[in-house]
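Engineer: Would you mind keeping the following structure in view while I ask a few things?
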Amino acid sequence: MNKQTSAATSIGLRVATAMYQMGIDGLPRNYELVYEAYSGTNPELTRDFVAIGKTKSQRALDELGRKYLPHHHEETHVAKTNERMRTQMTTFMSLLQEEKSSLSDYGKIIDQASRTFASDAEIDQETLNRSIRQLSEATEKQASKSEAMVAVASEQSAQLEGVKADIENFEQMKFIDQLTGLANRRSFNKAAARIYTNPELPTMCGLAFAEIDEFKRFCELDDKGNGEHVIRHVGQLLHAATEADDVVAHLDGNRFAFLISSSDEAEIMRAIDRLRAAAGAKPLIHPKTGRNVGKSTFSIGVAMSTVADSAGQLLGYGEKAMAKSAKEGGDRVTFYSNIEHDNADAGWMIYRP
Numbered sequence: 001m002n003k004q005t006s007a008a009t010s011i012g013l014r015v016a017t018a019m020y021q022m023g024i025d026g027l028p029r030n031y032e033l034v035y036e037a038y039s040g041t042n043p044e045l046t047r048d049f050v051a052i053g054k055t056k057s058q059r060a061l062d063e064l065g066r067k068y069l070p071h072h073h074e075e076t077h078v079a080k081t082n083e084r085m086r087t088q089m090t091t092f093m094s095l096l097q098e099e100k101s102s103l104s105d106y107g108k109i110i111d112q113a114s115r116t117f118a119s120d121a122e123i124d125q126e127t128l129n130r131s132i133r134q135l136s137e138a139t140e141k142q143a144s145k146s147e148a149m150v151a152v153a154s155e156q157s158a159q160l161e162g163v164k165a166d167i168e169n170f171e172q173m174k175f176i177d178q179l180t181g182l183a184n185r186r187s188f189n190k191a192a193a194r195i196y197t198n199p200e201l202p203t204m205c206g207l208a209f210a211e212i213d214e215f216k217r218f219c220e221l222d223d224k225g226n227g228e229h230v231i232r233h234v235g236q237l238l239h240a241a242t243e244a245d246d247v248v249a250h251l252d253g254n255r256f257a258f259l260i261s262s263s264d265e266a267e268i269m270r271a272i273d274r275l276r277a278a279a280g281a282k283p284l285i286h287p288k289t290g291r292n293v294g295k296s297t298f299s300i301g302v303a304m305s306t307v308a309d310s311a312g313q314l315l316g317y318g319e320k321a322m323a324k325s326a327k328e329g330g331d332r333v334t335f336y337s338n339i340e341h342d343n344a345d346a347g348w349m350i351y352r353p
């Protein structure tokens, strides 16, 4: 058994034991949530998981799951939408039934008035006035009901548009990082997987991992020491600089990822330099003291899609290249090339303006 398999097994045992000790139901969504919390790949999730306390109710776990693992809660959203639609349709059908009954009564009054006016017998003034009055009152009443029905129908239409917008927004939010507004890990993984939809002809692109340098120092800006202030700051700057063809994602902690569509390394580098410049365009300001604490820089690793046979391999190469940038002191970009990497110093192309 290799170390990676052993580590995964160890985490799996810890998760199973922890769930049993905390009395957490063995639901798939609970298992993934606890697994993510114990693996340490998402520090924010781990922090919030611990903050729930020793007794973790299903409601608290689901609230956490909706934040970090929204794909497990799509059925809940669909159920709520279905219930909302059912209520709307029940209300509308009830109104239609009332309208049908009202029209039936109105029809009877019209029929009675018609027989009165069509009679060959002599009609006294009182009978005529009564028929006219009844018809007039019924017409006004029906007109009023029709106006109300139109208003309700308009409201129903607006409600349906609202439901449609909610569904579209929910679908979009599944792929959006709430802290930065960038794509999230789920979105990035899907984009990376699409590169090798046709393994024989992968999409020509560069995949980059980026890690904020000196993140521990920046974490001191937050009361909780988790660096949310700097992540939000950098994420917003990157979001503003993201172009239509770019995929820019916040993965977890101080890590970001880019996908740049191009087969030209020089063009990839220009795009990454644009994003690096954006991230460092504005200095970080301490939220309480207002002190300038410096500009953020990245350790970046890039791997071209042509050097890998699968998304997993490409992600691994990007990780290695990013680690190389960090090891060399940060604030630089390292490309993972086709050259053999037995020698740690071979095959790297390091850029630092």
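If you're matching positions, the sequence shown starts at 1 in the numbering used here and goes up one per residue.
We put the beta carbon where it would ideally sit given N, CA and C, even for glycine.
Thinking C-alpha only, which one of ALA158, ALA60 and LEU238 is nearest GLN298?
Structural biologist: In the sequence shown, residue 298 corresponds to position 298, counting from 1. The sequence shown places Phe at residue 298, not Gln. Of the candidates ALA158, ALA60 and LEU238, the one whose C-alpha sits nearest the C-alpha of PHE298 is LEU238.
Engineer: Starting from the C-beta of SER102, find all residues in its chain whose C-beta is less than 6 Å away, skip the five residues before and the five after it, and write them out in chain order.
Structural biologist: By 1-based counting over the sequence shown, the position of residue 102 is 102. Within the same chain, SER102 has close Cβ partners LYS145.
Engineer: Do GLY235 and LEU182 have their CB atoms nearer than 8 Å?
Structural biologist: If you number the sequence shown from 1, residue 235 lands on position 235. If you number the sequence shown from 1, residue 182 lands on position 182. Taking 8 Å as the Cβ cut-off, GLY235 and LEU182 qualify as a contacting pair.
Engineer: Please report how far the alpha carbon of ASN198 lies from the alpha carbon of ILE260, in whole angstroms.
Structural biologist: One-based indexing of the sequence shown puts residue 198 at position 198. One-based indexing of the sequence shown puts residue 260 at position 260. Roughly 18 Å separates the two Cα atoms.
Engineer: In the DSSP output, what is VAL15 paired with across the bridge?
Structural biologist: Position 15 of the sequence shown, counted from the first residue, corresponds to residue 15. Paired residue(s): none; VAL15 is not in a bridge.
Engineer: Taking only the alpha-carbon atoms, compute the straight-line gap between ALA271 and GLU220 and give it to the nearest angstrom.
Structural biologist: As a position in the sequence shown, residue 271 is number 271, starting the count at 1. As a position in the sequence shown, residue 220 is number 220, starting the count at 1. Approximately 31 Å between the Cα atoms of the pair.
Engineer: Do LEU179 and GLU228 count as a contact pair if the criterion is CB distance below 8 Å?
Structural biologist: Mapped onto the sequence shown, residue 228 falls at position 228. Mapped onto the sequence shown, residue 179 falls at position 179. Contact flag set, yes.
Engineer: Please report the residue range of the beta strand (DSSP E) in which ARG332 lies.
Structural biologist: Here residue 332 corresponds to residue number 332 of the sequence shown, with the count starting at 1. Start and end: 332 to 336.
Engineer: Grouping DSSP H, G and I as helix and E and B as strand, with all else coil, what is ARG291?
Structural biologist: Position 291 of the sequence shown, counted from the start, is the residue given in the question as residue 291. ARG291: coil per DSSP, three-state reduction.
Engineer: DSSP three-state label for GLU211, please.
Structural biologist: One-based indexing of the sequence shown puts residue 211 at position 211. GLU211: strand per DSSP, three-state reduction.
Engineer: Identify the continuous beta strand (DSSP E) that holds MET322 and give its terminal residues.
Structural biologist: By one-based count along the sequence shown, residue 322 stands at place 322. From DSSP, MET322 is part of no beta strand (DSSP E) but of the alpha helix (DSSP H) over 311 to 327.
Engineer: Check HIS250 in the structure and name its three-state DSSP category.
Structural biologist: Mapped onto the sequence shown, residue 250 falls at position 250. Three-state result, HIS250: strand.
Engineer: Express the C-alpha separation of THR17 and TRP348 in angstroms, rounding to a whole number.
Structural biologist: Taking the first residue of the sequence shown as position 1, residue 348 is located at position 348. Taking the first residue of the sequence shown as position 1, residue 17 is located at position 17. Model confidence at TRP348 stands at a pLDDT of 47, short of 50, so the residue's coordinates are unreliable; what they give is reported in the following sentence. Cα-Cα distance, rounded: 43 Å.
Engineer: Leaving out the 5 sequence neighbours to the left and right, which residues in its chain are closer than 7 Å to GLU211 when beta-carbon positions are compared?
Structural biologist: Residue mapping note: residue 211 aligns to position 211 of the sequence shown, counting from 1. Excluding residues within five positions, the ones whose Cβ falls inside 7 Å are ASN254, ARG255, PHE298, SER299, MET322 and ALA326.
Engineer: Among GLN97, LYS282, THR55 and CYS205, which has the Cα closest to the Cα of ARG232?
Structural biologist: For the purposes of this step, residue 232 is taken as residue 232 along the sequence shown, with counting starting at 1. Among GLN97, LYS282, THR55 and CYS205, the Cα nearest to that of ARG232 belongs to LYS282.
Engineer: Here's a check: name, in chain order, each residue in its chain whose Cβ is nearer than 6 Å to the Cβ of ALA191, leaving out the five neighbours to either side.
Structural biologist: By 1-based counting over the sequence shown, the position of residue 191 is 191. Result list for ALA191: VAL247 and LEU259, in chain order.
Engineer: So with Cβ pairs under 8 Å, would you call GLU328 a contact of chain B?
Structural biologist: As a matter of chain content, chain B is missing from the structure shown, which is built from one protein chain.
Engineer: Which residues does DSSP list as the beta-bridge partners of ALA278?
Structural biologist: Taking the sequence shown and counting its residues from 1, one reaches residue 278 at position 278. Per DSSP, none; premise fails for ALA278.
Engineer: Near TYR196, what residues of its chain come up, given a Cβ to Cβ distance below 7 Å and the 5 sequence neighbours on each side ignored?
Structural biologist: The residue given as residue 196 occupies position 196 in the sequence shown. Within the same chain, TYR196 has close Cβ partners PRO202, SER310 and ALA311.
Engineer: What is the rounded straight-line gap between the Cα of GLY330 and the Cα of SER296?
Structural biologist: As a first step, residue 330 must be located in the sequence shown, where it is residue number 330. As a first step, residue 296 must be located in the sequence shown, where it is residue number 296. About 11 Å.
Engineer: Along the beta strand (DSSP E) that carries SER299, what are the first and last residues, could you check?
Structural biologist: Locating residue 299 in the sequence shown gives position 299, counting from the first residue. 298 to 304 is the extent of the beta strand (DSSP E) around SER299.
Engineer: Would you list the residues sitting across from LEU259 in a DSSP beta bridge?
Structural biologist: To locate residue 259, count along the sequence shown from 1; it is residue 259. In the DSSP output, where bridge partners are listed per residue, LEU259 has LEU207 and VAL247.
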